[in-house]
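Worksheet: the structure to be examined is printed underneath.
Numbering (UniProt numbering), first residue to last: 1 to 48.
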């Protein structure tokens with residue numbers, strides 16, 4: 001566990017790697033932004 005982490009921004013293109021509930025239970029905000037790998041994300045995704 002890393003001390004003083006308040007937010008996780010998950011940029012993977014799938015939901016299979018991380019369970020957001022694990023972070024939420026520890027009081028850490030989890031934000032999921034689906035981004036395809038190996039490509040530049042669209043402007044709309046970057047603005048999020």
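Even glycine gets a Cβ: it sits at the ideal position worked out from N, Cα and C.
Unbroken beta strand (DSSP E) run spanning residue i, endpoints
i	result
residue 9	7-10
residue 32	29-32
Terminal residues of the alpha helix (DSSP H) in which residue i lies
i	result
residue 45	43-47
residue 20	20-25
Contact check, residue i vs residue j, beta carbons under 9 Å
i	j	result
residue 33	residue 48	yes
8 Å CB neighbourhood of residue i in its chain, flanking five on each side removed
i	result
residue 29	6, 7, 8, 23
Cβ-based neighbour list, residue i, same chain, cut-off 7 Å, excluding 5 preceding and 5 following
i	result
residue 45	33, 35
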